[in-house]
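K.L.:
First the structure, then my questions, so here it is.
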Amino acid sequence: MEMDKDYERKCYELAYLIFPDVDETVDDLEIKYPERNTLKEGAIVTRIAPSPTGFMHTGSLYQAMVHKKLASQTDGVYYLRVEDTDQKREVAGSVKMFTEELKHFGLEPDEGVLAEDKQVGFYGPYIQSKRKDIYRVCAKHLVEKGLAYPCFCTPEMMEKTRQMQEANKIVPGYYGVYAKCRNISIDESIERVKNGEKFILRFRSNGSHMRKISFVDAARGKIEMAENDQDVVIIKSDGLPTYHFAHVCDDHFMRTTHVVRGEEWLPSTPIHLDLFEAMGFKAPQYIHTPLIMIKDGNSKRKLSKRKDKESAVSYFIKAGYPPEGVNEYLMTILNSDYEMWKSKNKDKNYMDFEFKLNKMSSAGSLLDMPKLNDLCKEEIAKMSGDEVLDRVLAWSKEYSKDFYDIISKDLDYSRKVFGLERDNTQKIRKDIYKWEDVEDTFRYFFDDIYQKELEDKGYIITSLTEEKNTITKDIIRKSLEEYINVYNEEDTKDEWFARMKDTAQKLGFCVNMKEYKAEPEKYIGSIADFSSIVRMAVTNKKNTPDIYSIMQLLGKDKVIERMKDTLSKI
RNA sequence: GGCCCGUUGGUCAAGCGGUUAAGACGCGACCCUCUCAAGGUCGAAUCAUGGGUUCGAUUCCCGUACGGGUCACCA
93 MEMDKDYERK
103 CYELAYLIFP
113 DVDETVDDLE
123 IKYPERNTLK
133 EGAIVTRIAP
143 SPTGFMHTGS
153 LYQAMVHKKL
163 ASQTDGVYYL
173 RVEDTDQKRE
183 VAGSVKMFTE
193 ELKHFGLEPD
203 EGVLAEDKQV
213 GFYGPYIQSK
223 RKDIYRVCAK
233 HLVEKGLAYP
243 CFCTPEMMEK
253 TRQMQEANKI
263 VPGYYGVYAK
273 CRNISIDESI
283 ERVKNGEKFI
293 LRFRSNGSHM
303 RKISFVDAAR
313 GKIEMAENDQ
323 DVVIIKSDGL
333 PTYHFAHVCD
343 DHFMRTTHVV
353 RGEEWLPSTP
363 IHLDLFEAMG
373 FKAPQYIHTP
383 LIMIKDGNSK
393 RKLSKRKDKE
403 SAVSYFIKAG
413 YPPEGVNEYL
423 MTILNSDYEM
433 WKSKNKDKNY
443 MDFEFKLNKM
453 SSAGSLLDMP
463 KLNDLCKEEI
473 AKMSGDEVLD
483 RVLAWSKEYS
493 KDFYDIISKD
503 LDYSRKVFGL
513 ERDNTQKIRK
523 DIYKWEDVED
533 TFRYFFDDIY
543 QKELEDKGYI
553 ITSLTEEKNT
563 ITKDIIRKSL
573 EEYINVYNEE
583 DTKDEWFARM
593 KDTAQKLGFC
603 VNMKEYKAEP
613 EKYIGSIADF
623 SSIVRMAVTN
633 KKNTPDIYSI
643 MQLLGKDKVI
653 ERMKDTLSKI
């Protein structure tokens, strides 16, 4: 009894020695950062917690979607907290990039760090390096309770212990008898701190590896794991907390109800539960999301920052994937019944969908680029020509300046180009899924690009002779010569095609595809071949939308000029 | 290696003890067609494996294999 009182007193003495300037208490913080009572029952408070490493992972976007959905569905709060406790890895400008990228996808938070210089909310500061005082109050609390202690071990000593443990096949780590500083007397600790010896702070775990704990993951259900028995570091030598400790303090005092994080955190959840209990805090609900994988040879692995360009959200922005399409894709891998719902609610978007935690898949899914492309294609197909132009303008201004200059020269013309087979309701063109490809798809509409391509790659029309030996250079020449004479810009589409057929027939082409297919040897080629000659002469492309519309857009002079030019090169 | 999570066609997946095992992407064929893209019709293709439990297992339990994650003063 006497001893306990004495020990208790010494813990306070030690706490005071370590934190002489901390006079706030955990109870003070409880009052300063009260529970969010204004929220209605069942409101979910979530947070996205990026580290400012200059890189936003695609997985973070996926999680941002979960946060946004959960919070908005329950009239809760989704906030952003910057986790910058590892100052070595910090990259300037990260916060700006992160918030802008979230915004790009319409997944901006409601609270916390909303922009580089903008924080909103009563639970701040929302940047961990600015919350040092809070962690110190909490750490002091643990020292006072005898639940944290100074550790004087050097990295070299730690390394030796680890090697010994590995050699002897003992569970590695700092715990039990291997936790040297855990087992020194409180008097010695006090003495060594007084002497100015360097130390860090460790948690004193009372857990045992032999016991099991279980908790309910809101997406995966009950999970059973060994209790934590590691005396993890809570305050590092730079005075900042480790992730484990910051998570516990912040999510408690920011009143987070649901912690949505990647599966890689699952193994350390017992540590967090242990810490929550030690602090006397109620633990939040955990949701561990599956990792996004990528195919690597015959196996799959986690998206890697170094190897996979798709691991960075910025990749999708730079390539000009429409955010709507990316979001659609994320939803399909996020909630298993989304695609079903979507097919019944084509006109609605993902914000109208009721996201359910128990419908979350727990297996890591492969990033399926063809599927993403398809979804993006569908989204772009919904846009009008004007909208496509606006988007291409906005994208190219940022990522393809030359192209931007070219298309903004004559906006009326560009509007018609991008409205091609798009504004005429019935057959909507679906051949673009990202803005990056637009320049190549429409290159023949813009003289500068068209000319450059001819110089670089040459005239592809001669390739026709290789495909079909009846189509000789002579035939191509005759076809163009003939067609130049009869082309009439005033023709309606039907008249135009009749004229095409007429010309083709005179030269020996078959104008009826069925007849041609039945007896191809009777003709030098079909109307399709003749069309190809015209198409290539005008666009230098094998495949394009309807040539009539293209010719109309280009105008007679240019059409004739291009055909003559091609003629001179055969 | 210890611990944890996971495993239905090539990919994403529905299913929650009895189904001809949905659907989407991709792939193939055909149709439409001036070429593509699109659209239409059709098609090939899946319950990792061995034991239980049960009248009956894709579904429940255990083992095995395989894949992934994690074991820091990084998050």
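Numbering (this note's numbering), first residue to last: 93 to 662.
Note that CB positions come from ideal geometry on N, CA and C, so glycine has one too.
Please say whether V405 and T145 have beta carbons closer to each other than 8 angstroms?
P.N.:
Their beta carbons are not under 8 angstroms apart, which means T145 does not touch V405 by this criterion.
K.L.:
Tell me, to the nearest whole angstrom, how far the beta carbon of I363 is from that of N320; I am working on the premise that it is less than 8 angstroms.
P.N.:
5 angstroms
K.L.:
Measuring straight from C-alpha to C-alpha, what distance separates R627 and D439?
P.N.:
37 angstroms
K.L.:
So what does DSSP say about Y413, is it helix, strand or coil?
P.N.:
Under the three-state reduction of DSSP output, Y413 falls in the coil class, being neither helix nor strand.
K.L.:
At the level of alpha carbons, what is the spacing between T584 and N604?
P.N.:
20 angstroms
K.L.:
Helix, strand or coil: how does DSSP classify M628 here?
P.N.:
helix
K.L.:
Do you know whose CA, among V229, T557, E105, lies nearest K286's CA?
P.N.:
If we check each option's Cα against that of K286, E105 comes out closest.
K.L.:
For D98, I'd like the list of residues in its chain whose CB is within less than 7 angstroms of its CB, leaving aside the five on either flank, ordered along the chain.
P.N.:
none
K.L.:
Which residues mark the beginning and the end of the beta strand (DSSP E) in which L206 is found?
P.N.:
Per DSSP, the unbroken beta strand (DSSP E) holding L206 starts and ends at 203-207.
K.L.:
Taking the C-alpha atoms as reference points, what is the distance between H301 and G238?
P.N.:
Taking the straight line joining both Cα atoms gives about 21 angstroms.
K.L.:
Tell me which residue opens and which closes the beta strand (DSSP E) that F295 is part of.
P.N.:
292-295
K.L.:
Kindly indicate which residue of L481, K493, R521, W527 has the alpha-carbon position closest to the one of R507.
P.N.:
L481
K.L.:
Classify N214 as buried or exposed, calling it buried when 16 or more other Cβ atoms lie within 10 Å of its own Cβ.
P.N.:
According to the sequence provided, residue 214 is Phe. The question's Asn does not apply to it. Exposed, since its Cβ has fewer than 16 Cβ neighbours within 10 Å.
K.L.:
Quick one: measure Cβ to Cβ for E513 and P637, integer angstroms, because I've assumed they're closer than 8 angstroms.
P.N.:
5 angstroms
K.L.:
Are the beta-carbon atoms belonging to E531 and S492 less than 8 angstroms from one another?
P.N.:
yes
K.L.:
Looking only at its own chain, which residues have a Cβ that is under 7 angstroms from the Cβ of M526, when we skip the five neighbours before and after it?
P.N.:
It should be noted that the sequence gives Lys, not Met, for residue 526. Excluding positions up to five away in sequence, the list reads A411, G412, Y413, C468.
K.L.:
Near E471, what residues of its chain come up, given a Cβ to Cβ distance below 8 angstroms and the 5 sequence neighbours on each side ignored?
P.N.:
P414, E416, G417, E420
K.L.:
Would you report the Cα separation of V137 and K252, rounded to the nearest angstrom?
P.N.:
43 angstroms
K.L.:
Enumerate, from N- to C-terminal direction, the unbroken alpha helix (DSSP H) stretches of 4 or more residues contained entirely within the region 156-232.
P.N.:
186-196
K.L.:
Need the endpoints of the alpha helix (DSSP H) that A610 sits in, please.
P.N.:
Per DSSP, A610 belongs to the alpha helix (DSSP H) from 605-610.
K.L.:
Could you tell me the boundaries of the beta strand (DSSP E) in which S306 lies?
P.N.:
304-309
K.L.:
When the distance is taken between beta carbons, is T658 closer than 8 angstroms to L572?
P.N.:
Yes; because the gap between Cβ atoms is below 8 angstroms, this pair is in contact.
K.L.:
Are the CB atoms of L395 and I379 within a distance shorter than 8 angstroms?
P.N.:
no
K.L.:
Counting along the chain, where does the beta strand (DSSP E) carrying Q377 start and finish?
P.N.:
377-381
K.L.:
Can you tell me where the alpha helix (DSSP H) with E490 in it begins and where it stops?
P.N.:
Counting along the chain, the alpha helix (DSSP H) containing E490 begins and ends at 477-491.
K.L.:
Note down the Cα distance separating P382 from E175, rounded to an integer number of angstroms.
P.N.:
Straight-line Cα distance between these residues: approximately 21 angstroms.
K.L.:
Counting only the same chain and skipping the five closest in sequence on each side, list residues whose C-beta sits under 8 angstroms from that of L206.
P.N.:
L172, T191, E200, V212
K.L.:
Consult DSSP for V351 and reduce its assignment to one of helix, strand or coil.
P.N.:
V351: strand per DSSP, three-state reduction.
K.L.:
Excluding five sequence neighbours on each side, which residues of the same chain lie with their C-beta closer than 6 angstroms to the C-beta of T236?
P.N.:
The question names Thr, but residue 236 in the sequence shown is Glu. Contacts found: C103, Y104, A107.
K.L.:
Consult DSSP for M93 and reduce its assignment to one of helix, strand or coil.
P.N.:
A caution first: M93 carries a pLDDT of 46, below 50, which makes its placement in the model too unreliable to give a value.
K.L.:
So, helix, strand or coil for M592, using DSSP?
P.N.:
Helix, per DSSP.
K.L.:
Which word fits L458, buried or exposed, when buried means at least 16 other C-beta atoms lie within 10 angstroms of its C-beta?
P.N.:
exposed
K.L.:
Which residues bound the alpha helix (DSSP H) around A473?
P.N.:
461-473
K.L.:
Tell me the DSSP bridge mates of E528?
P.N.:
The partner list for E528 (beta bridge, DSSP) is empty, contrary to what the question assumes.
K.L.:
Which whole-angstrom value describes the C-beta separation of E203 and V169, a residue pair presumed to lie in contact below a C-beta threshold of 8 angstroms?
P.N.:
5 angstroms
K.L.:
Which value, in whole angstroms, describes the spacing of the CA atoms of P359 and A311?
P.N.:
16 angstroms
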